[in-house]
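The opening residue of the sequence shown carries number 337 in this note's numbering; numbering runs sequentially from there. The beta-carbon is built from N, C-alpha and C at its ideal position, and this holds for glycine as well. Predicted, not measured: the structure shown is a model, and the values here were computed from it.
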Amino acid sequence: MVVQASKNTTYEAKTQEIAKQLLAATQEKRSFFAQLQDQMRWDDKILDWAMSNPGLRVQLFRFIDCLPALRSKPEIARHLQEYLTVEEVELPDTLKKLIGFSGGDSVPGQIAATTVSTAVETLAQKYISGENIKQALKTIERLRKDKMAFTMDLLGEAVITEAEAQSYLERYLDLMTQLTDVAKKWSKVPQIDEADGETIPQVQVSVKLTAFYSQFDPIDAEGSEARVIDRIRTLLRHAKTVGAAVHFDMEQYHYKDLTLSILKRLLMEEEFRSRTDIGVTLQAYLRDSKQDLQGLIDWAKERGNPVTVRLVKGAYWDQETIKAIQKHWPQPVYNDKAATDVNFEQMTELLLENHDYLYAAIGSHNVRSQAHAIAIAQTLNIPRRRFEMQVLYGMGDKLAKALVQQGYRVRVYCPYGDLLPGMAYLIRRLLENTANSSFVRQSQEDRPIETLIGPPQANGDEAIAIHNKALPNAAPDRDFADTKERQEAAAALASVRQQLGKIYLPLINGDRVNAPNTVNSVNPSNPSEVIGKIGLMSVEQADQAIAAAKSALTQWRTTPAGDRANLLRKAGELMEKRRHELSAWMVLEVGKPLRECDAEISEGIDFCRYYADEMERLNSGVNYDVAGETNRYHYQPRGITVVISPWNFPFAIPVGMTVASLVAGNCTLLKPAEVSSVIAAKFAEILVEAGIPSGVFQYIPCKGSSVGSHLVKHPDVNTIVFTGSQEVGCQIYAEAAILQPGQKHLKKVIAEMGGKNAVIVDESADLDPAVAGVVQSAFGYSGQKCSACSRVIVLEPVYETFVNRLVEATRSLNVGVAEEPSTQVGPVIDANARDRIQGYIAKGKAEAELVLEMAVPETGYFIGPTIFSNVKPDAAIAQEEIFGPVLSVIRAKDFDEALEIANGTNFALTGGLYSRTPSHIERAYAEFEVGNLYINRGITGAIVARQPFGGFKLSGVGSKAGGPDYLLQFLEPRHVSENVQRQGFAPIEGVD
């Protein structure tokens, strides 16, 4: 979408005239002594350095982000050095001298720590109106003295627990009570307290709707609305009682549509329909924001009473753009700052031209943006009650004063609260102030007036290119913030429900064959519901399948690699077409929540596309020619592959293992886990539809202990690919090593056998994402992932705080049947798994302190999230793979001990670190013994090509799935050297 500059020139001349007046008022010359004083201030120096050096800007802001977590001056000094002495940062001389100390506890180190921490605190005080209500009230009283209104925003930790959500509500109720009590003593300021004969509330608060429910998620739109709406009603009723106004902030794009939907529905209720003291925010940097504004206008016409729309440009551009790139989703924000400015002006016109239906609050520090709004208001003679100007505290102060002097109502957005949770807000303000495109910065650089106040010119804004070198055509997950996607997923679930109970027979040499035995695959959320009846193949049928594979091998191995690759690509397209259906089968058969099922379909598609590309790359071989001699290195298929796949990733893992073998030219037999055989049958249907030849691929559900073991030992099998338990994996490895009669090769075993994965949380970690990441990594899919976090190792200084928040965040999770949109923790796979996990919980109660064991539904194979604290590193629950929602929390005195504990098991699959200490991150790179290390993020959900997956030690053997070495395991390398001389003659390259 390209934003065109407004063609309405009605307001332009007046906009330029007003902008010149405002600009002149904001560019008053300061005295020599005031300028000299600024030059001596360290907080100003930090801003200057950040603006002049992009590399230093990044490191400075990372240090500032970390600073509130540091507990002593030596720690501050050490981190200052670690952040600012990286090679890519060129330091100003003043800063070089400051950090040139030899140790954090030295006198120069203490001086540096004091200097910088004081400077950052001073910076924070510029943008945060107070650390407590007493300080905030002083700020408010000063603003009112300057004829400025306010809106108060509570800074706080991210709401990740229901206790925090309830506390968020209670803090706002208390805040409104305190402010309105104090307001009774305020003298009236007519410019801000009344307009057009109407009294305007003196107190206004700004709230975030998502903070009223810790599990707020568009995938559960109805549930999220039901949980937040009562708290919002309580808030609005109290606001009316005490005489305060309430404004709802807008947050990330992901929440926008649901936020607007909830507010529209609530404010149409009879109790709230007449209220005009409520507002909502729109962000002009969003490509669909103008459409949202038009929707609000239409809604307001029906409602009959106006609400206020705060129009801002938006504060999460980097975050929204990065998320879009990582998710392969369309960029929701304009990529060109000028395009945002154009859209802002268009929305300003639309909003003010509909002032009968919506009040306007124009939030900007751009002189032209405010001047444009004033020009429209003057031209249309809009009553003063219906519009106001807004700025952020500490930004646009001179502009605010100039607007006040011209008689307009100005409201200052005043965040207040502790410095630690306020740091994210401070960083956003610093980013805004130091960005090249920022008007605040540009206006300080003596740019020509015409440049500053001229109409914005959009440069044909295009979405940012999605750069994914690893896999350019990666399949994006579905965005369930989109109502259409949710509806299609629900329809697929209803459709699949009508197909339950069918029989799924083995596919041998292109034909479905009757099986001697069947087994029911049931819904673990409701075991009385049969998903499908699985025909289990006999040993004799297994031999028939091997014979069919052997017969088909000659032709398949000589099929051009490009043709094999294209068959995979076609299979990937069919998966994409059946995405919602496949997800629905997975939800019902293995009890996995929808979003995780959808991601698994993406992974399966990515495997098809990536391995297709990889085979074409490998097929070209390597030439090592010299004069008179050709040397060609190339690959050939190994032969027949048996794939033994697990139930926990019932689609992605069998797809990945199978298509890797097939594209390499091997005939492949897929033996799925009994409890997930229906999903595997759906994959088999896709390969058949894609055109796989008879005998090349065969679907062979069977008993692993008998028929599966027979296949492993079969002399005609070349390769066994397994994902599952260590016990079975080691048994396969041993059996495959035995040379059988008639066997003329050594078998290759590729085995992934799980882990006992740890996440380290150090004293510098940001605990908001650390707690959320550990909860998701430990309890996503009920802990039934080989990559799941089963141990979290927390350093002493933050142990108690972390454990308390971890327990409350986990307690806030929704446990229930997998198909419910609200469910985050579903069932475990079957009764055996449930009983085994309960056995480990009993062990844990004897070994450690139980701090949480959640209740579960009576029907189904459920185990509630369970947390043990003060677990000894050598305890059974800290050493053995449990494969369920059981988490051990281990205390470590320092980072050395934390690494020692993390590495102290037989496994080496995944691991994680939450830290803002560069030296800890560097050590984890080198010393954390895992195949996949994740830093400052969750440890599950590896993405094909981006995060090739697999471990070592007893976590498995073989190259990483989804990586550049994986296909080599299904190929045998060959080399051919040919003498091309004839009678001493051969062409020599480069010689005529």
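If you measure between the beta carbons of K1179 and I1213, is that distance less than 7 angstroms? Position 843 of the sequence shown, counted from the start, is the residue given in the question as residue 1179. Position 877 of the sequence shown, counted from the start, is the residue given in the question as residue 1213. Judged by beta-carbon spacing, I1213 lies within the 7 angstroms limit of K1179, meaning their Cβ atoms are closer than that value.
Assigned exposure category for F1058 - 16 Cβ within 10 Å defines buried: As a working mapping, residue 1058 is identified with position 722 in the sequence shown. The residue in question, F1058, is buried, as its Cβ has 16 or more Cβ neighbours within 10 Å.
Which class does A794 belong to by DSSP, given the choice of helix, strand or coil? Counted from its first residue, the sequence shown places residue 794 at position 458. Coil.
If the criterion is Cβ atoms closer than 7 angstroms, does the pair D1098 and I882 meet it? Walking along the sequence shown from the start, residue 1098 turns up at place 762. Walking along the sequence shown from the start, residue 882 turns up at place 546. In this structure, I882 does not lie closer than 7 angstroms to D1098 by Cβ.
Could you check how far apart the C-beta atoms of D964 and Q1317 are, in whole angstroms? I think they sit under 8 angstroms. As a working note, residue 964 is residue 628 in the sequence shown. As a working note, residue 1317 is residue 981 in the sequence shown. First, the amino acid is wrong: residue 964 is Gly here, not Asp. Indeed they touch by this definition, with Cβ atoms about 5 angstroms apart.
I'd like the ranges of any alpha helix (DSSP H) spanning at least 4 consecutive residues and lying wholly in the segment 490 to 565. 498 to 519 and 526 to 529
How about the segment 576 to 592 and the segment 546 to 555: do they share at least three Cβ pairs that are nearer than 8 angstroms? yes
Between S465, Q682 and A709, which lies nearest to I354 when the distance is taken from Cα to Cα? Along the sequence shown, one-based indexing puts residue 354 at 18. The candidate whose alpha carbon is nearest that of I354 is A709.
Keeping to the same chain, check which residues put their C-beta closer than 8 angstroms to that of N862; ignore five residues upstream and five downstream. Along the sequence shown, read from residue 1 onward, the residue named residue 862 stands at position 526. Around N862: V1153, T1195 and G1196.
Please identify the residue among D942, T895, N967 and I870 whose C-alpha is closest to the C-alpha of R905. Translated into the one-based positions of the sequence shown, residue 905 becomes position 569. Among D942, T895, N967 and I870, the Cα nearest to that of R905 belongs to D942.
Tell me which same chain residues have a C-beta within less than 6 angstroms of the C-beta of K350, skipping the five on either side of it? Taking the sequence shown and counting its residues from 1, the one referred to as residue 350 is at position 14. Taken in chain order, the residues that qualify are A711.
K524 to Q538 span [Cα, whole Å]: Locating residue 524 in the sequence shown gives position 188, counting from the first residue. Locating residue 538 in the sequence shown gives position 202, counting from the first residue. Computed Cα separation, rounded: 9 angstroms.
Kindly indicate which three-state DSSP category S367 falls into: helix, strand or coil? In the sequence shown, residue 367 corresponds to position 31, counting from 1. Below a pLDDT of 50, predicted positions are generally treated as unreliable, and S367, at 47, falls in that range; no measurement from the model is reported.
Only counting runs of 4 or more residues, tell me where the alpha helix (DSSP H) segments fall wholly within the segment 682 to 762, in order along the chain. 703 to 716 and 733 to 741
Just how far apart, CA to CA, sit E824 and A1244? Translated into positions along the sequence shown, residue 824 becomes position 488. Translated into positions along the sequence shown, residue 1244 becomes position 908. Those two C-alpha atoms are separated by around 40 angstroms.
Hey, how far is the Cα of E1216 from the Cα of N389? To locate residue 1216, count along the sequence shown from 1; it is residue 880. To locate residue 389, count along the sequence shown from 1; it is residue 53. When rounded, the distance between both Cα atoms is 50 angstroms.
Which one of A696, Y670, R573 and R609 has the shortest CA to CA distance from L629? Working through the sequence shown from its first residue, we reach residue 629 at position 293. Comparing alpha carbon positions, the residue from A696, Y670, R573 and R609 closest to L629 is A696.
Return yes when the Cβ of R721 is within less than 7 angstroms of the Cβ of D529, no when it is not. Taking the first residue of the sequence shown as position 1, residue 529 is located at position 193. Taking the first residue of the sequence shown as position 1, residue 721 is located at position 385. Their beta carbons are not under 7 angstroms apart, which means D529 does not touch R721 by this criterion.
Tell me the residue span of the beta strand (DSSP E) that contains R480. For this step, residue 480 is matched to residue 144 along the sequence shown. R480 -> not in any beta strand (DSSP E); alpha helix (DSSP H) instead, spanning I469 to K481.
Between I598 and E638, what straight-line distance do the alpha-carbon atoms span, to the nearest angstrom? As a working note, residue 598 is residue 262 in the sequence shown. As a working note, residue 638 is residue 302 in the sequence shown. Going by the C-alpha atoms only, they are around 16 angstroms apart.
Which residues does DSSP pair with K838 in a beta bridge? The count along the sequence shown starts at 1 and reaches residue 838 at position 502. Bridge partners of K838: G868.
If we call anything under 7 angstroms between Cβ atoms a contact, is Y749 one with T362? Here residue 749 is taken as the residue at index 413 of the sequence shown, counted from 1. Here residue 362 is taken as the residue at index 26 of the sequence shown, counted from 1. Not closer than 7 angstroms, so no.
Pull up the distance between the alpha-carbon of K673 and that of A794, whole angstroms please. Along the sequence shown, one-based indexing puts residue 673 at 337. Along the sequence shown, one-based indexing puts residue 794 at 458. For K673 and A794, the distance between alpha carbons rounds to 8 angstroms.
Kindly identify the DSSP beta-bridge partner or partners of R1318. Counting from one through the sequence shown, the residue named residue 1318 turns up at place 982. F1321, per the DSSP bridge assignment.
Classify I867: buried if its beta carbon has 16 or more other beta carbons within 10 angstroms, exposed otherwise. As a working note, residue 867 is residue 531 in the sequence shown. Buried, because 16 or more other Cβ atoms sit within 10 Å of the Cβ of I867.
Relative to the C-alpha of E426, which candidate in A413, M484, H415 and L396 has its C-alpha closest? The residue you call residue 426 lines up with position 90 of the sequence shown. When each option's Cα is compared against that of E426, the closest is L396.
Since Y971 is in the beta strand (DSSP E), which residue starts that stretch and which ends it? The sequence position of residue 971 within the sequence shown is 635, counting from 1. Per DSSP, Y971 belongs to the beta strand (DSSP E) from E965 to P973.
Just grab the DSSP bridge partners of A580 for me. Here residue 580 refers to the residue found at position 244 of the sequence shown. According to DSSP, residue pairing for A580 in a beta bridge involves V539.
Identity of the residue in I980, K356, E786 and E1236 nearest Y1069 by Cα: Here residue 1069 is taken as the residue at index 733 of the sequence shown, counted from 1. It is I980.
Taking DSSP as the reference, what is the three-state secondary structure of G1274? Taking the sequence shown and counting its residues from 1, the one referred to as residue 1274 is at position 938. G1274: coil per DSSP, three-state reduction.
Can you tell me which of the three DSSP states K409 falls into? Translated into the one-based positions of the sequence shown, residue 409 becomes position 73. If DSSP states are grouped into helix, strand and coil, K409 belongs with the helices.
Which residues mark the beginning and the end of the beta strand (DSSP E) in which T1195 is found? As a working note, residue 1195 is residue 859 in the sequence shown. Counting along the chain, T1195 falls outside any beta strand (DSSP E), and DSSP gives it neither H nor E.
How far does the beta strand (DSSP E) with N1140 in it reach, from first residue to last? Position 804 of the sequence shown, counting from 1, holds the residue named residue 1140. Here N1140 belongs to no beta strand (DSSP E); instead the alpha helix (DSSP H) covers Y1135 to R1147.
Between the alpha carbons of V443 and V1111, how many angstroms are there, rounded? In the sequence shown, residue 443 corresponds to position 107, counting from 1. In the sequence shown, residue 1111 corresponds to position 775, counting from 1. Straight-line Cα distance between these residues: approximately 42 angstroms.
Quick check on M922: does DSSP put it in helix, strand or coil? Stepping through the sequence shown from its first residue, residue 922 is reached at position 586. Looking at M922 - three-state DSSP - the assignment turns out to be helix.
Out of S1205, K474, D482 and G466, point me to the one whose CA is closest to G492's CA. Indexing the sequence shown from 1 puts residue 492 at position 156. A check of alpha carbon separations from G492 across S1205, K474, D482 and G466 identifies G466 as the nearest.
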